[in-house]
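K.L.:
Got a structure for you, written out below as structure tokens; questions coming shortly.
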Amino acid sequence: MPQYEKGGDNSTTYATLSEGRLNIGGKETTTQELGINSDSSNAHRAVAALPDLAKITEKQQIIAKATSDIVTAAHTFSSNRQKTAAENKAKAESEFEGRLKAQNDGSYEAYAKLDETERQKILINYSETYRKADAEAQNWGVGGKHSRALNAGITLATGLLGGQSGLQSAVNAAAPYASEAIGRTFGHGENKNETAQAVGHFLLGAAIARVNGGNFAAGGSAAVAAEKAAEHLAQRY
């Protein structure tokens with residue numbers, strides 16, 4: 491991820507004449523009257539010292555690590571949600587088929603003869619557990635609303651980190667605005683995407699903690715960060 495920091499300085503060296511009487515065209519005058527610099531102590535100002543490249547490199551390495559942690563944690567969290575949804579779908583399907591078999595009235599045999607699409611429709615219509623698991627799988631799949639929200643959260647958090655190497659003050663100053671943007675982006679009221687808001691705020695908080703010298707999450711690893719995100723969301727759903 492590119493890091494940007496720039497600056498500049500300049501200096502001017504002035505010609506200096508020592509104080510004394512000057513005769514120009516038969517007329518005597520002074521350096522002061524002519525506006526000529528006569529103070530050698532201010533004839534030159536040195537440019538500012540070069541930046542500490544080692545410190546800049548160290549900052550950029552911290553930013554890169556924090557960015558990597560955030561992306562890894564978010565993707566791990568998303569993968570775990572997809573895996574859980576797939577497992578719940580398989581379990582719900584098995585339970586539904588078990589109930590059909592228990593009826594012992596030919597229902598299961600008729601169901602088994604259907605193609606995959608038709609069986610899917612029946613499962614969604616008659617198994618609430620399967621219906622919820624299927625919706626969750628779609629939400630966390632490629633292009634799903636939770637997946638898109640998570641990507642938006644990643645972009646927000648890593649964007650804060652990548653903007654400049656004056657990192658700590660910049661991120662802390664931006665935090666309230668970023669938090670407001672998360673709420674605004676993911677909506678309020680009956681149509682609000684609370685999952686997206688929770689993920690976005692988690693990632694923002696993780697970025698701020700990382701920048702300020704704290705652990706990304708308890709334990710400081712991407713794996714633990716993903717687990718903490720799951721715990722946070724589990725309290726709300």
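Add 490 to a position in the sequence shown, counting from 1, and you land on the number used in this note's numbering. We treat Cβ as the ideally placed atom computed from N, Cα and C, and that holds for glycine. Computed from a predicted structure; not experimentally measured.
1. Just to confirm before moving on: does the CB-CB distance between Y601 and R609 stay below 8 Å?
2. Can you look up K603 in the DSSP assignment and give me helix, strand or coil?
3. Alpha carbon to alpha carbon, how far is F586 from R638?
4. Which ranges would you report for the beta strand (DSSP E) in the segment 538–575 if only whole runs of at least 3 residues count?
5. Could you tell me the distance, in whole angstroms, from the CA atom of L590 to the CA atom of S597?
6. Is the CB-CB distance between A627 and K579 below 8 Å?
7. So, under 8 Å CB-CB, T619 and A576 are touching, yes? Tell me the CB distance rounded to an integer number of Å.
8. Given this structure, state the Cα-to-Cα distance separating I552 from V561, to the nearest angstrom.
9. May I have the straight-line CA-CA distance separating A592 from L613, to the nearest angstrom?
10. Mind checking which residues open and close the alpha helix (DSSP H) that includes N629?
11. Taking the Cβ atom as the reference point for each residue, do S558 and L640 lie within a distance shorter than 8 Å?
12. Are there 16 or more other CB atoms within 10 angstroms of the CB of D624, so buried, or fewer, so exposed?
13. Taking the C-alpha atoms as reference points, what is the distance between G633 and A554?
14. Alpha carbon to alpha carbon, how far is S584 from L604? Give it in angstroms, no decimals.
15. Spatial neighbours of N629 within its chain, please: CB distance less than 6 Å, with the 5 preceding and 5 following residues excluded, ordered by chain position.
16. Could you work out which residue in G588, N570, D595, E599 is closest to G631 when comparing CA atoms only?
17. So, using beta-carbon positions, are A564 and I644 closer together than 8 Å?
18. Any idea if T607 is buried or exposed, counting beta-carbon neighbours within 10 angstroms, 16 or more meaning buried?
P.N.:
Looking at the atomic coordinates:
1. On the sequence shown, residue 601 is found 111 positions in, with the first residue counted as 1. On the sequence shown, residue 609 is found 119 positions in, with the first residue counted as 1. Yes; because the gap between Cβ atoms is below 8 Å, this pair is in contact.
2. Reading the sequence shown from its first residue, position 113 is the one you call residue 603. Coil.
3. Stepping through the sequence shown from its first residue, residue 586 is reached at position 96. Stepping through the sequence shown from its first residue, residue 638 is reached at position 148. About 31 Å.
4. none
5. As a position in the sequence shown, residue 590 is number 100, starting the count at 1. As a position in the sequence shown, residue 597 is number 107, starting the count at 1. Roughly 6 Å between the two C-alpha positions.
6. Here residue 627 corresponds to residue number 137 of the sequence shown, with the count starting at 1. Here residue 579 corresponds to residue number 89 of the sequence shown, with the count starting at 1. Taking 8 Å as the Cβ cut-off, A627 and K579 qualify as a contacting pair.
7. Residue numbering aside, residue 619 sits at position 129 when the sequence shown is read from its first letter. Residue numbering aside, residue 576 sits at position 86 when the sequence shown is read from its first letter. Rounded, the Cβ-Cβ distance is 14 Å, inconsistent with contact.
8. By 1-based counting over the sequence shown, the position of residue 552 is 62. By 1-based counting over the sequence shown, the position of residue 561 is 71. Distance between the alpha carbons of I552 and V561: 14 Å.
9. On the sequence shown, position 102 is the one that residue 592 refers to. On the sequence shown, position 123 is the one that residue 613 refers to. Approximately 16 Å, taken between the alpha carbons.
10. On the sequence shown, position 139 is the one that residue 629 refers to. Counting along the chain, the alpha helix (DSSP H) containing N629 begins and ends at 618–630.
11. Within the sequence shown, the letter at position 68 stands for residue 558. Within the sequence shown, the letter at position 150 stands for residue 640. Cβ distance not < 8 Å, so S558 and L640 don't count as in contact.
12. Translated into the one-based positions of the sequence shown, residue 624 becomes position 134. Burial call: buried.
13. Taking the first residue of the sequence shown as 1, we reach residue 633 at position 143. Taking the first residue of the sequence shown as 1, we reach residue 554 at position 64. C-alpha separation (whole angstroms): 27 Å.
14. In the sequence shown, residue 604 corresponds to position 114, counting from 1. In the sequence shown, residue 584 corresponds to position 94, counting from 1. Distance between the alpha carbons of L604 and S584: 16 Å.
15. The residue labelled residue 629 in the question sits at position 139 within the sequence shown. Excluding positions up to five away in sequence, the list reads K635, H636.
16. Working through the sequence shown from its first residue, we reach residue 631 at position 141. Of G588, N570, D595, E599, the residue nearest in Cα terms is N570.
17. The count along the sequence shown starts at 1 and reaches residue 564 at position 74. The count along the sequence shown starts at 1 and reaches residue 644 at position 154. Yes, the pair counts as a contact, with Cβ atoms nearer than the cut-off.
18. One-based indexing of the sequence shown puts residue 607 at position 117. It is exposed - the Cβ of T607 has fewer than 16 other Cβ atoms within 10 Å.
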